[in-house]
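Engineer:
Residue numbers (our numbering): 23 to 213.
#1: If we count the other Cβ atoms within 10 Å of its Cβ and call it buried at 16 or more, is residue 77 buried or exposed?
#2: Using 8 Å as the Cβ pair cut-off and three pairs as the minimum, do the region 32–43 and the region 84–103 touch?
#3: Using a Cβ-Cβ cutoff of less than 7 Å, which residues in the same chain neighbour residue 65 once the five nearest sequence positions on both sides are dropped?
#4: May I ask you to report which of helix, strand or coil DSSP gives residue 192?
#5: Residue 175 and residue 182: beta carbons closer than 8 Å?
#6: Is the region 125–137 close to the region 158–165, with three or more CB pairs under 8 Å?
#7: Which whole runs of the beta strand (DSSP E) in the region 72–114 are 3 residues long or more, in chain order?
#8: Can you list, in chain order, the residues of its chain whose CB lies under 8 Å from that of residue 73, leaving out five sequence neighbours each side?
#9: Looking at the unbroken alpha helix (DSSP H) that takes in residue 161, where does it start and where does it end?
#10: Taking all protein chains shown into account, decide if residue 135 is buried (16 or more other Cβ within 10 angstroms of its Cβ) or exposed.
#11: Looking only at C-alpha atoms, which of 185, 93, 99 sits nearest to residue 156?
#12: Distance, Cα to Cα, residue 107 vs residue 96?
#13: In three-state terms, what does DSSP make of residue 25?
#14: Just curious, the alpha helix (DSSP H) that residue 211 is in, first and last residue?
#15: Give me, in chain order, the residues of the same chain whose beta-carbon lies closer than 7 Å to that of residue 57; leave out the 5 immediate sequence neighbours on both sides.
#16: Looking at the unbroken alpha helix (DSSP H) that takes in residue 54, where does it start and where does it end?
#17: What's the gap between the Cα of residue 192 and the Cα of residue 101?
#18: Where does the unbroken alpha helix (DSSP H) through residue 126 begin, and where does it stop?
#19: Taking DSSP's pairing of strands, which residues face residue 134 in a bridge?
#20: According to DSSP, is residue 199 helix, strand or coil?
Structural data, given as structure tokens:
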């Protein structure tokens, strides 16, 4: 499967429908297990999509979720459990343990830490930072400011003069105290 870059196990399907342009009609046949009654697994052989790259596999998967109305409840869902449940309920997997398996992977690897990249929000409590601060909170600050159109120079995790100027401009434009200190109120506006 890995030599086919088929990391998500998307089947070809009877109609061989294209959801986007990432899948180039490549496929491979393999044995798999399906559970149709919620208890008993049955061995079957089916055709799965093969891709030129892992990026293509991921793009095709997201195109599939967006294109098929049966997955509509997972679109724009910010709660991982609700999203995975909607994907399962849409028919993506037959395993009765699919939801718990995926949630275990998410939780074990702390994958929700990346949610703010997609949602633009963060449940993480961030430290108050200012000119001279260094570290991951500064990197995140620089990323958020850049995404909002403020120039911070290089995103390097160092709260230098350009980051200070960007913070002050952001604070001024958002009705905050213009002190260059990124505390709870500035973090809240940034997120």
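In this text, a Cβ means the ideal position worked out from N, Cα and C, and glycines have one as well.
Structural biologist: Let me spell this out:
#1: exposed
#2: Verdict: yes, contact present.
#3: 53, 55
#4: helix
#5: yes
#6: no
#7: With a minimum length of 3 residues, no continuous beta strand (DSSP E) run stays inside the region 72–114.
#8: 26, 27, 28, 44, 45, 46, 48, 79, 82
#9: 158–169
#10: It counts as exposed.
#11: Among 185, 93, 99, the Cα nearest to that of residue 156 belongs to 185.
#12: 8 Å
#13: helix
#14: First-last of the alpha helix (DSSP H) with residue 211: 206–212.
#15: 63, 116, 117, 118
#16: Not the alpha helix (DSSP H): residue 54 falls in the beta strand (DSSP E), residues 49–57.
#17: 29 Å
#18: 120–130
#19: Partner(s): none; residue 134 has no beta bridge.
#20: coil
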